[in-house]
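Chemist: Structure in C-alpha cells, see below.
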Amino acid sequence: MAPGALLRTSIENDQLFSAILYGPAGSGKTSLLNIIKKYTTYEVVHLNAAFTSVEEIKQWERYAYNLKGIKKLLLFIDEIHRFNKKQQDVFLPGVETGLYVLYGTTTESPQHTLNPALLSRCRILNFKKLSNADLGKILNRAVEHLGIEIVEEVRKFIIDSANGDARYMISTYEILANMAAINGREKVDESILQMYLGEELTKYTDNEHYNLASAFIKSMRGSDPDASLYYMSRMINGGEDPRFIARRLVILASEDIGLADPFALVLAVSTMQAVEMVGMPECLLNLSECVIYLSLAPKSNSSYEAISRATEVAKETMNIPVPRHLLNIEGSGYKYPHEFGGFIRQEYLPKSVKGPFYLPKNIAKESKIAEVYARLWKDRFKDAKDDLRGVKKEGEDSHGGAQRDKGTRDY
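With my numbering applied, the sequence shown closes on residue 610, and no number is skipped along the way.
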C-alpha cells in the first residue's frame, strides 16, 4: 500500500483488478475491505467460502449482470481455498467477462490450492507477516480506543506472542484489558499477565530466542540428542512457534547431514507437514522423533560447501555464454547420454569455469555417491584424491563429518 504501489494505485483510481490476497493470518487481507469501501465506488459483497455455496456465487453473478453499466461489483471471498478446484470454476465466467472483480483471500499457497485457470486470470498479491513495529502502531490505536494502558513488559509480550498476527494481538489485548477492568485496574501490569497465563511469567526475549536456537542447532550438529531436546523444550515453554523449529530442522537436514543420510531431509519435511496438520501440543511428538534422528544421523556438509563454491564462481562469471552444444538448437553437437548407455563424458561447464564444486566425503551413504562420482569424472579429482579415498581430515567428528568454522553463522 505504499505510494505508487499497484494495489494502492488501483484503489486511488477506482479501477480494481481481480486478485488473490495471499498471506498469514492477521496480516491485513480482510482489513483491506474497509479501505476499498471508503475510497472506491464499488459495491462490495463480502462472503466466506467456508459458508458459501456454488449456487450462491452464481446468484451473485446474475446480480452483477443486472448491474452491468450501472455499478461496479467487488466479490470479496475470504478463505477462497475452502472451495475445491472444481468448485473454483464458478468464478471463471464472471472474472473472464468482467462482470465483477474477484478478491480472494487465503493463507494457503495459491499454486497448491487454486486451479490454474483461476490463477491465470488473477494477480497474486503477497501480504507479509506484520513486523513488531507495525504491530506496535496498531496496538497503540487499540489502547487509545479502550483507554486501558499497558506496562512495557506486557506490551512486549502481547506483540511477541502475536507472531505478526494483528488480529490475535488485538484479541489478547482486549482480554487483558477486560481482566484489568474487572479487577479495578486502570493499567495492565505483570500481575494481570500472570493471571492470564495461569503461571509465573516466562522470560523469553529476542536474545533468548536466538541464544536457544543457536544452542539447539549446534547440539544437533554435535550429535547430542539430549541437549537438543532440552533446548527445544525451553524454546517451546517460552512460547516459540513450533513451525520455526520445524523449519530449522529442514535446513539442518540438508546443511549438516546432507548426502550422508538423504532420508534425514525426507523425515524433516514430513515433520514440518505434521506440525502444520497436528498443532500443539501433540506435534511435540513429531518434533521429538525428528530431533533425535537428526542428532544421531551421520553428518556431512558437502552439499553446503558445494553450493557455496558454485555460488561464488557464478557471481564472477555471470556474462559467460552457455557452451554451444548445450543450447537447444539443431546441430549443436550435443551427445544424448541415453544413446551411449546412459553416460557419455562431455564438458558441461564453460571452458573458463573450473570445478569441482562438489567434493564428496566418504561418510555413510555418501560414500556410494562418492564412488559413482569418482568413476564418472575421475579427471576432476587429480588434486582431490583424499576426498574420494575418505581420508579423515583434521577437525572431523566421530561420524566423519567436517566441523564448521567457528562463528560462520548464527545457528
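Even for Gly, the Cβ is constructed at its ideal location relative to N, Cα and C.
(1) May I have the straight-line CA-CA distance separating N325 from L220, to the nearest angstrom?
(2) From K328 to G222, what distance separates their C-alpha atoms?
(3) Three-state secondary structure (DSSP) at G303?
(4) Please report the distance separating the alpha-carbon of R320 from that of L298.
(5) Could you give the DSSP three-state label for Y547: helix, strand or coil?
(6) Give me, in chain order, the residues of the same chain whose beta-carbon lies closer than 7 Å to that of T312; leave out the 5 immediate sequence neighbours on both sides.
(7) Beta-carbon within less than 7 Å of M419's beta-carbon, same chain only, minus the 5 sequence neighbours each way: which residues are those?
(8) Report buried or exposed for I369, applying the criterion of at least 16 other Cβ atoms within 10 angstroms of its Cβ.
(9) Under the three-state reduction of DSSP, which class applies to N382: helix, strand or coil?
(10) Determine the burial state of G383: buried for a count of at least 16 other Cβ atoms within 10 Å of its Cβ, exposed for fewer.
(11) Return the CA-CA distance between F556 and L272, expressed in angstroms with no decimal places.
(12) Which residues in the same chain as D213 place their Cβ atom closer than 6 Å to its Cβ, once the five residues preceding and following it in sequence are excluded?
(13) Go through its chain and collect everything with a Cβ distance to E348's Cβ below 6 Å, but skip five positions before and after it.
(14) From this set, Y262, L301, I276, L231, which residue's C-alpha is nearest F250's C-alpha?
(15) Decide if the segment 468-479 is in contact with the segment 502-519; the criterion is three or more beta carbon pairs, one per stretch, under 8 Å apart.
(16) May I ask which residues mark the beginning and end of the beta strand (DSSP E) holding H245?
(17) Taking C-alpha atoms, which residue in E454, D333, Y503, L392 lies nearest to G227?
(18) Considering only the beta carbon of each residue, do A361 and T371 sit closer than 9 Å?
(19) The alpha helix (DSSP H) spanning D359 covers which residue range?
(20) For a minimum of 4 consecutive residues, which ranges assigned as the alpha helix (DSSP H) are wholly contained in the segment 262-302?
(21) Only counting the same chain, and skipping five residues up and downstream in sequence, which positions put a Cβ closer than 6 Å to that of Q545?
(22) Where does the unbroken beta strand (DSSP E) through A426 begin, and where does it stop?
(23) Could you give the DSSP three-state label for E481: helix, strand or coil?
(24) Distance, Cα to Cα, S499 vs T510?
(25) By the three-class DSSP mapping on this structure, what secondary structure does R442 have?
(26) I'd like the list of long-range same chain contacts for E255, defined as Cβ closer than 8 Å, with 5 residues on each side in sequence excluded.
(27) Closest to A638 by C-alpha separation, out of L375, L231, K267, would be which residue?
(28) Terminal residues of the continuous beta strand (DSSP E) containing L220?
(29) Give every residue of the same chain whose Cβ lies closer than 7 Å to the Cβ of I210, excluding the five residues on either side of it in the sequence, and list them in chain order.
(30) If I follow the unbroken beta strand (DSSP E) through L324, where does it start and stop?
(31) If you drop the 5 nearest sequence neighbours on each side, which residues of the same chain put their C-beta closer than 6 Å to that of G203?
(32) Please return the same chain residues whose Cβ sits closer than 8 Å to the Cβ of L318, not counting the five positions on each side in sequence.
(33) On the DSSP bridge assignment, give the partners of E348 in chain order.
(34) D460 and K564 - do their beta-carbons sit closer together than 9 Å?
(35) Only counting the same chain, and skipping five residues up and downstream in sequence, which positions put a Cβ closer than 7 Å to that of D455?
(36) I think A316 touches L291, with their Cβ atoms under 8 Å apart; what is that distance to the nearest whole Å?
Modeler: Short version:
(1) Whole-angstrom Cα-Cα distance: 6 Å.
(2) 7 Å
(3) strand
(4) 13 Å
(5) Residue state, collapsed to three classes: coil.
(6) H280, T305
(7) Cβ-Cβ distances below 7 Å link M419 to S427, L451, V490, L493, S494 in the same chain, with the five nearest sequence neighbours on each side left out; the list follows chain order.
(8) buried
(9) coil
(10) exposed
(11) 56 Å
(12) T239, T240
(13) K386
(14) Minimum Cα distance to F250 is reached at I276.
(15) With the rule of 3 Cβ pairs closer than 8 Å, the segment 468-479 does not count as touching the segment 502-519.
(16) 242-247
(17) D333
(18) yes
(19) Where D359 is concerned, the enclosing alpha helix (DSSP H) stretches over 351-361.
(20) Counting only runs of 4 or more residues that sit fully inside the segment 262-302, the alpha helix (DSSP H) segments are 291-296, in chain order.
(21) K534
(22) Element bounds for A426: not the beta strand (DSSP E) but the alpha helix (DSSP H), 424-436.
(23) The answer is coil: DSSP assigns E481 none of H, G, I, E or B.
(24) Taken atom to atom, the span from the alpha-carbon of S499 to that of T510 is near 19 Å.
(25) helix
(26) If we look at E255 and ignore the five residues flanking it on each side, its Cβ neighbours are L246.
(27) Outside the displayed span of the chain (200 to 610) sits residue 638, for which this structure offers no information.
(28) 218-221 is the extent of the beta strand (DSSP E) around L220.
(29) I234, I235, Y238, T239
(30) 322-325
(31) none
(32) I219, P309, Q310
(33) K386
(34) Yes, the pair counts as a contact, with Cβ atoms nearer than the cut-off.
(35) R420, K498, N500
(36) 6 Å
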